[in-house]
Amino acid sequence: MFRSQYDTDVTVWSPQGRLLQVEYAMEAVKQGSACLGIVGEGCVVLAALKR
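Quick note: the sequence shown uses the numbering used here, first residue 134, plus one each step.
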């Protein structure tokens, strides 16, 4: 059976007992930047911090 390199289960535990999805989310937060979106009646405003 072909095994994807990505997790497809709802919860996947590492050998150390941590949830891998939480580890992935924490790493994504470290690499990302803040952004904001506002929708008005006749407009849309998007803003992001440039690092």
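All C-beta atoms, glycine included, are put in the ideal place defined by N, C-alpha and C.
Minimum C-alpha distance to residue i - residue among the options
i      : options                   : result
VAL143 : GLN154, GLY150 and GLU174 : GLN154
CYS168 : PRO148, LEU182 and SER147 : LEU182
Proximity of residue i and residue j at Cβ, strictly below 8 Å
i      : j      : result
LEU179 : GLY165 : no
Boundaries (first-last residue) of the alpha helix (DSSP H) holding residue i
i      : result
VAL162 : 153-164
Limits of the unbroken beta strand (DSSP E) element including residue i
i      : result
GLY208 : Any question about residue 208 goes unanswered here, given that the chain covers just 134 to 184.
Residue i: CB within 7 Å of a non-hydrogen atom of the ligand SAM
i      : result
ILE171 : In the structure shown, the ligand SAM is absent, as is every other ligand, since no ligand is present at all.
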